[in-house]
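Protein chains in written order, with the working numbering: chain A, 916 to 1559; chain B, -7 to 123.
Here it is, written out as structure tokens:
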């Protein structure tokens, strides 16, 4: 049951917009630590909380209103120079921001937020009174002059502000009799707060307490309607946030889709009329030429439409990136490091689904960079580096790929040490270790169970992680690579396709059955000459430019009988291995529109697509097929894909 | 409905959710001719193109806040007659005084219902002699 029946749309809108706003506030807070008295930043942050409060009011989210209100008041004092920004104060502010975020989580579940942590409220109220541990209570708020944003001290209004006179003023302006919203009423305090805060000390009391009772339905509900907070089985921390199922699209892009649909309609009409002509027996060159033209035009328009529709799903990756400076900052502080996360390429556009799925891997890489990648200040200075370390998070489009880079200027990784560790942990043998080159060695950190630090830290090293990062990236048809230079730092490079909806594929034939392979894995195509095949350890291999590659016939991966020796080889490169896939022939390349097999998904099949002639083709999941072959070297045990 | 339902409103707020709320409330009251602006500066541009008969504006906005917008409207000959309803989250006396001095036609505190909005609008219509 939702606490927001009838206003789900409003809630969705609010959450989306307010979450962006809060991320923005988070980043500004990180900036604020560098320039604590930047009036512009303080103003922006003030306005952020103020805006969230305003929206939350319409949702009757009383607890959120309270928390934002207190924080906003704190920023009002800060921006007017009535309180100095101490690090203790910063901690309170960070905790308040976190509290707001948690409440968004609860709202996302359709529940009214629980009251903020009572201790946080007390600390906020204390801070508002100028009582922050460590800070000199230099500005006694109680005695501070009333804060007036614009100071037209009203000579013309008669008595000075503060005299009862202004209530008449209020009545005059609002046209509401004096009795109504009494503006100095104490703000509604959460029940958990031990002391009613004298927030109104400087005349800043806000929404009148009577309001909740007075206005029977704020957008159809009243705060007291909500099923007594405690009954909801939701903890303070809402771990799982429902996926956003709405998207904001630039209207210009929608217009383009509309425009193209219109043109396709016109072309369809042209085709209908041509069909009538042709059915009526007209087959003169002009008619056929017109038909040819109409079909070509349709071709062009449809591919434009596909592109346009795809673009509506594209979102700037900055929406994801903006969460990270705060995460990096909090972690660095916890570890006693000085780290700055530098963002670049935030405007790069990525498919919305991909943005959501990238969130966790990127958090992990950033945490990893801050925790393991960069050194503490002492170690850095000893190495002659600046005490502050930089972690760079960058996105850019390269051709039909999106590249995301997480780079640090830390201690780098030693291939030697990684190999030793992997052998130590029994992940690979000594012999295997000796055959690995630099790049392959670095990639060992993606093995399940690998962690470069001997003692596991509670921050990023739980022994799981890097392998999960890799798996998640691969699920997006992407791959991840590492470069590292000891003493200089490490770079993680993620490469992703532009979209998940359309997959460029290579069509190969086994007998006369076509199969589709993701083109991203295909390096090249070569003929298999029987006399060039070499047997190594009982397996067929082919030497390509000095590299010995195993030849695996597709029929073996599928568990089909080998009818004839494969004539062509596809040089495949997956994250784990490089090999040559043996096939009978090719049927060309295609941009496959993937239809997923949601309920019925045989192992080794990523999805299906339809060819121009209407034939249905399976898109193979090479990684799964390889894993099966790897696990069951005995061919009879390989699970086969049966066809009716 | 005493006022002309075709009356053209401009809703000014930097928070699009809030613009939508106000737009919906106005719709509930029968006013469907509503345009939006993200801040005072954009609002002024739109107002200059003409045709607007009523401004509902938030106070706290980047670029140009609601009070400055109000002051500018009042000092612009072809706009100064426009009714302006100020929306804010606070019922602070300083704000209300400042709004009154700048010539606000009304003042409404968030959150509010369609009923409250209607009441405020009618007060303004009365003053304008529309009711």
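C-beta atoms are modelled at their ideal positions from N, C-alpha and C, and glycine is treated no differently.
Since the structure is predicted, the reported quantities are computational estimates derived from the model, not experimental observations.
Apart from the five residues on each side of it in sequence, which residues of its chain come closer than 6 Å, Cβ to Cβ, to residue i?
i              : result
residue 986/A  : 964, 1011
residue 1260/A : 1309, 1310, 1311
residue 63/B   : 94
residue 1228/A : 1266, 1267
residue 1318/A : 1311, 1410
residue 1538/A : 1489
Could you have a look at residue i and say whether DSSP puts it in helix, strand or coil?
i              : result
residue 1443/A : coil
residue -2/B   : coil
residue 1195/A : coil
residue 44/B   : coil
residue 23/B   : coil
residue 1268/A : helix
residue 73/B   : coil
residue 1287/A : helix
residue 37/B   : helix
residue 1503/A : strand
residue 919/A  : coil
residue 1240/A : helix
residue 1011/A : helix
residue 892/A  : Residue 892/A cannot be examined here, being either before or after the span of chain A that is shown, 916 to 1559.
residue 1323/A : strand
residue 10/B   : helix
residue 96/B   : coil
residue 1310/A : strand
residue 1436/A : helix
residue 1172/A : helix
DSSP beta-bridge partners for residue i?
i              : result
residue 1493/A : 1488/A
residue 1305/A : 1255/A
residue 1458/A : 1463/A
residue 1510/A : 1523/A
residue 1515/A : None; residue 1515/A has no bridge partner.
residue 1398/A : 1406/A
residue 50/B   : 79/B
residue 1027/A : Answer by DSSP bridge pairing: none, since residue 1027/A is not bridged.
residue 1317/A : 1312/A, 1411/A
residue 1531/A : 1525/A
residue 1428/A : 1425/A
residue 1419/A : 1506/A
Within a Cβ cutoff of 7 Å, which residues of the same chain sit near residue i, ignoring the five residues on either side of it in sequence?
i              : result
residue 90/B   : 59
residue 1396/A : 1408
residue 1185/A : 1209
residue 57/B   : 32, 51
residue 1536/A : 1519, 1520, 1521
residue 1337/A : 1343, 1348, 1359, 1362, 1365
residue 72/B   : 65, 66
residue 929/A  : 970, 974
residue 109/B  : 17, 21, 100
residue 1327/A : 1399, 1400, 1401, 1402, 1403, 1404, 1405
residue 932/A  : none
residue 955/A  : none
Looking only at its own chain, which residues have a Cβ that is under 8 Å from the Cβ of residue i, when we skip the five neighbours before and after it?
i              : result
residue 115/B  : 98
residue 1495/A : 1441, 1443, 1457, 1459, 1464, 1465, 1466, 1467, 1484, 1485, 1486, 1487
residue 74/B   : 39, 44, 45, 46, 47, 65
residue 1315/A : 1412, 1413, 1419
I think residue i touches residue j, with their Cβ atoms under 8 Å apart; what is that distance to the nearest whole Å?
i              : j              : result
residue 960/A  : residue 936/A  : That belief does not hold up - the Cβ atoms of residue 960/A and residue 936/A are roughly 10 Å apart, past 8 Å.
residue 112/B  : residue 81/B   : Contact flag wrong, Cβ pair sits at about 16 Å.
residue 1434/A : residue 1421/A : 5 Å
residue 1322/A : residue 1233/A : Actually they are not in contact, since the Cβ atoms of residue 1322/A and residue 1233/A sit about 18 Å apart, beyond 8 Å.
residue 1334/A : residue 1351/A : 6 Å
residue 945/A  : residue 1240/A : 5 Å
residue 1595/A : residue 1202/A : Lying outside 916 to 1559, the shown extent of chain A, residue 1595/A is not represented and no answer is given.
residue 96/B   : residue 61/B   : Incorrect: roughly 11 Å between the Cβ atoms, too far for contact.
Q.
Along the stretch -5 to 9 of chain B, where does the CB come closer than 9 Å to a CB of chain A? Name the residues.
A. 5, 6, 7, 8, 9
In chain order, what residues of the stretch 1481 to 1508 of chain A put their CB closer than 7 Å to some CB of chain B?
none
Residues of the stretch 13 to 30 of chain B with a CB closer than 9 Å to any CB of chain A: list them in chain order, please.
When CB distances to chain A are screened at a threshold of 9 Å, the residues of the stretch 13 to 30 of chain B falling below it are 13, 16, 17, in chain order.
Residues within the stretch 941 to 975 of chain A neighbouring chain B, beta-carbon criterion of under 7 Å
962, 965, 966, 968, 969, 970, 972, 973
Chain B contacts from the stretch 1025 to 1045 of chain A (Cβ-Cβ distance under 9 Å): none
Interfacial residues, the stretch 919 to 930 of chain A to chain B, with Cβ spacing under 8 Å: Answer in chain order: 925, 928, 929.
Practice prompt. Please name the residues in the stretch 60 to 86 of chain B whose beta-carbon is closer than 7 Å to at least one beta-carbon of chain A, in chain order.
Written response: Within the stretch 60 to 86 of chain B, the residues whose Cβ lies closer than 7 Å to some Cβ of chain A are 81, 82, 83, 84, 85, 86, listed in chain order.
Using a beta-carbon distance cut-off of less than 9 Å, what residues from the stretch 30 to 42 of chain B approach chain A?
none
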